[in-house]
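By my numbering, the letter at position 97 of the sequence shown is numbered 1346, and the numbering carries on one by one without gaps.
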Amino acid sequence: MTLSAATNAQTFDVEALRAAFPALAQKVNGQPLVYLDNAATTHKPQSVIDAVSHFYQRDNSNVHRGAHALSDRATVAFEEARKKVVGLINAASTTEIIWTRGTTEAINLVANSYGKSVLKAGDRVLVSAMEHHSNIVPWQLVAQSCGAEVVPIPVSSDGELDMSAYQQLLDERVKIVAVGHVSNALGTVNPIAEIIALAHQAGAKILIDGAQGVPHFAVDVQALDCDFYAFSGHKMYGPTGTGALYGKASLLETMPPYHGGGEMIKTVSFDGTTFNELPFKFEAGTPNIGGVIGLGAAVDFLQSIDRSALAAHEAALMHYAHDKAANFEGMQRVGRAQNIAGAFSFLLEGAHPADIGMLLDQQGIAVRTGDHCAQPIMKQFGIPGTARASFALYNNVDDVDRLFAGLEKAKTFLL
Ligand code: C6P
């Protein structure tokens, strides 16, 4: 793709969107900030900051408990946010949305509640070899306690999931498949509709790790027919410490609670305790009320944008970066799948990724370096890690140009 093609994608009004994010207006190390660490966490628009601030300034109170006006206001705003998430991913009802601290907690919930109750010795959980640790370790912990096994689905050297190997692995031992929508380390967009359909044909349930999916694509959990979809609020312009688990109500109904405490119970006695209805059965203790309300504002923000224009804008930036990489001497792209989004991972010949990150930071350019919590795929590729630029809706062509100019300069120090 040429520069003009990428620029055309800016009919999507990226400059107006940038203006909504106060943190982007700052200088870092004397240079205007170029923020390319969005897969780790995105910045927050003013509307999200205002929603959180409004909560603490006026409505601060606990939810579902108080007999007073502030608690009523907090409860209404908190439950409105749940309705917004229902709309965002087209869940069937609010009973299917469980608030969590993020994707990690959502996956741990499913592994410990659903996983622990169905997995028996000899059973298998399939995960892909490019998963984030959050979609590997919870399954390992639960599998170990049940005598079950976590088996990786192979990934090619380009970073594509091996679909024929996946089909061969799908035998009667497989009870759960857990796969990422988009790889945070490689940017690979997995064909999740096909992956879900194949899991179901084999009689397995499937969880999609959507941490890097929801920020980039419109997601329809009913059309996908996934059993569980986990995502983080802070990677989609919402506050840190927020996220959600979508689960089919029919499954969530049968699952035992994960955490015990207040809110998740109906009655408590020493003769036996009964549990609350969905979704509260899975929400023990005081939740992150201000964060959830901020997440609701983030959903409003995302929903106010044409999602296909957003995806086209980000895809154009990604192609622009890849075209520049092809002409950048000594650059090795890590993750060359056909369908790629969000993360642009690379190495520079003769340079350690950590040094690249430091030299970019000195120029006001924020990227992430390291294994990106995806050690198995780094080990397969025989590399310690990568430097990773990851895009959000507010990044523009200038950001990519600054990245490559910054890399040219870094090269003069490193090589
Ligand atoms: N990836 C990154 O820089 P939490 O921390 O629970 O919000 O999200 C965990 C997680 C799970 N799955 C995927 C695919 C992810 O990318 C992440 C978070 C960050 O890539 C931090 S390691």
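Just so you know, even glycine gets a beta-carbon here, dropped at the ideal spot from N, CA and C.
Nearer than 8 Å: is that true of the beta carbon of residue i relative to any heavy atom of the ligand C6P?
i	result
N1433	yes
G1492	yes
D1458	yes
E1354	yes
Q1417	no
C1622	yes
D1411	no
D1610	no
Q1461	yes
S1406	no
A1636	no
A1453	no
N1384	yes
R1714	The chain is shown from 1250 up to 1664; residue 1714 falls before or after that span and cannot be answered.
G1543	no
G1429	yes
R1350	yes
S1481	yes
K1484	yes
H1313	no
Taking only the alpha-carbon atoms, compute the straight-line gap between residue i and residue j and give it to the nearest angstrom.
i	j	result
G1396	R1322	47 Å
V1404	A1448	17 Å
A1547	F1261	19 Å
D1458	A1442	13 Å
E1526	R1350	20 Å
L1410	K1484	24 Å
A1451	Y1415	11 Å
K1424	I1455	9 Å
T1437	E1598	23 Å
D1647	D1610	16 Å
G1336	D1549	10 Å
E1580	D1372	Strictly speaking, residue 1580 in this sequence is Met, with Glu absent from that position. Rounded to whole angstroms, M1580 to D1372 spans 42 Å at the Cα level.
P1528	I1347	6 Å
G1655	V1283	10 Å
Y1305	G1606	36 Å
N1278	Q1612	6 Å
G1521	G1511	15 Å
R1422	E1398	10 Å
A1592	S1553	24 Å
T1324	T1535	12 Å
Would a C-beta distance cut-off of 9 Å place residue i and residue j closer than the cut-off?
i	j	result
A1623	H1430	no
T1635	F1662	no
A1341	G1545	no
L1273	L1642	no
V1463	L1566	no
A1533	A1355	no
R1637	A1434	yes
So, with DSSP's three-state summary, where would you put residue i?
i	result
P1633	coil
L1266	helix
A1316	coil
M1412	helix
G1364	helix
N1644	coil
V1463	coil
M1580	strand
G1545	helix
S1383	helix
E1657	helix
D1332	This sequence places Lys at residue 1332; Asp is not what is there. The answer is helix: DSSP assigns K1332 an H, G or I state.
V1301	helix
A1370	coil
Alpha carbons only, please: which of the options is nearest the one belonging to residue i?
i	options	result
S1377	W1388, K1369, L1368 and A1370	W1388
A1392	P1602, L1368 and H1621	L1368
E1563	F1640, D1620, R1422 and Q1581	F1640
C1475	A1498, G1579 and A1570	A1498
N1357	R1422, F1531 and V1470	F1531
Y1364	K1573, P1505, A1603 and A1586	The identity of residue 1364 in the sequence shown is Gly, whereas the question assumes Tyr. Measuring from the Cα of G1364, the nearest candidate turns out to be P1505.
S1310	L1652, N1645 and L1319	L1319
G1540	E1264, H1313, D1286 and A1326	A1326
A1603	H1621, G1591 and I1589	H1621
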